[in-house]
Amino acid sequence: MTPNSEKLVRFDWAIRYILRDISNFDILEGFLTALLNEDIKVLSILDAESNQEDSNDKFNRVDLLIEDSQKRKLIIEVQNNRETHYLERLLYGTSKVIVENIKSGEP
C-alpha cells in the first residue's frame, strides 16, 4: 500500500460483516430509506452460500429482502462485479421469494 492510498470499505463487505446483525439494521434501513425516498424495513439479509435448500437447488445471490411503506417485499442485490445471466438470476431470486412467502390458498 502506498503512503497516499486510502483504505476503503466496500458496501457489500459492510452488509455481510457489519450490518448483518439485527441490532444494526436501523443503519441499513436509514440508508435505504434515504436512497429510495421511502420508509424501508429490512426483513433479512440473505446469504448466497447458505440458502440452498437441497443439493439440486441453485444458489440464490439475493442480498437483501426489504419491505416498503406499502408492505411490498422487494429484493435488493448488491454486486460490484460484472456478471452474466443477470436476468435469469433475477427471475430465479424473485420466484424463490414469492414461493417462500405465499400462504396456502392465496392466488
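Residue numbers (this note's numbering): 475 to 581. Backbone N, C-alpha and C fix where the C-beta goes; we use that ideal spot for every residue, glycine too. Just so you know, these numbers come straight off a predicted model, no measurement behind them.
Within 10 angstroms of its Cβ, does F533 collect 16 or more other Cβ (buried), or is it exposed?
-> The residue labelled residue 533 in the question sits at position 59 within the sequence shown. Residue placement at F533 cannot be trusted, given a pLDDT of 48 that sits under 50; what the coordinates show is reported in the next sentence. Answer is exposed; the Cβ neighbour count stays below 16.
Below 8 Å on the Cβ atoms is my guess for K547 versus N575; work out the distance and round it to an integer in Å.
-> In the sequence shown, residue 547 corresponds to position 73, counting from 1. In the sequence shown, residue 575 corresponds to position 101, counting from 1. So it is a contact: roughly 6 Å between Cβ atoms.
Using the rule of at least 16 other Cβ atoms within 10 Å of the residue's Cβ for burial, across every protein chain shown, is I492 buried or exposed?
-> As a position in the sequence shown, residue 492 is number 18, starting the count at 1. Under this definition I492 is an exposed residue.
Where does the unbroken beta strand (DSSP E) through K547 begin, and where does it stop?
-> One-based indexing of the sequence shown puts residue 547 at position 73. Residues K547 to I550.
Find out if the Cβ-Cβ distance for the pair I549, L561 is shorter than 9 Å.
-> Translated into the one-based positions of the sequence shown, residue 549 becomes position 75. Translated into the one-based positions of the sequence shown, residue 561 becomes position 87. Not in contact: I549 and L561 (Cβ atoms no closer than 9 Å).
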